[in-house]
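In this note's numbering, the protein residues as written are 640 to 782.
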């Protein structure tokens with residue numbers, strides 16, 4: 640990307656099928672190679688593992704299923720790319736960077752929440768804090 644150019648919004652309108660992406664691995668390794676806009680997250684992950692084989696600390700990575708890509712999406716939110724059947728052009732990351740992180744939490748629940756958010760067209764947001772009935776009563780009385 641040329642200096643002073645932020646975001647990838649113009650990249651998604653171009654006819655060019657290849658985008659050079661940066662990949663940050665949990666081992667501290669940085670990879671950079673071109674991928675197709677139509678590649679799925681799963682196929683991109685396979686390419687990352689293939690390219691990482693020749694790098695230091697490859698053996699520290701472990702099983703690919705233990706990791707998930709994260710990115711900053713076009714709505715400026717951090718998004719875990721749990722659904723690996725999505726294409727890169729569907730994800731539309733804000734910058735040409737995908738970060739690989741270890742999976743945490745219940746994968747099935749996260750995947751379901753991601754699919755529901757996509758269906759209703761809602762960006763991923765943090766849930767509102769749950770308050771107990773006693774705490775709510777105290778808050779209402781002080782109001």
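For each residue, glycine too, the CB sits at the ideal point set by N, CA and C.
By the Cβ criterion, the segment 711-719 is not in contact with the segment 671-687, since fewer than three pairs of Cβ atoms, one from each stretch, lie closer than 8 Å. Proximity to residue 742 across 693, 709, 667 peaks at 709, based on C-alpha coordinates. The three-state reading of DSSP puts residue 732 in strand, counting E and B together.
Residue 700 sits close to residue 664, with the two beta carbons spaced by under 8 Å. Annotation for residue 671: the continuous beta strand (DSSP E) segment containing it runs 669-675. Excluding residues up to 5 positions away in sequence, 694 lie with their Cβ nearer than 6 Å to the Cβ of residue 668 in the same chain. Per DSSP, reduced to three states, the secondary structure at residue 700 is coil, with no helix or strand assignment.
In the DSSP assignment, residue 759 falls outside any beta strand (DSSP E) and carries neither an H nor an E.
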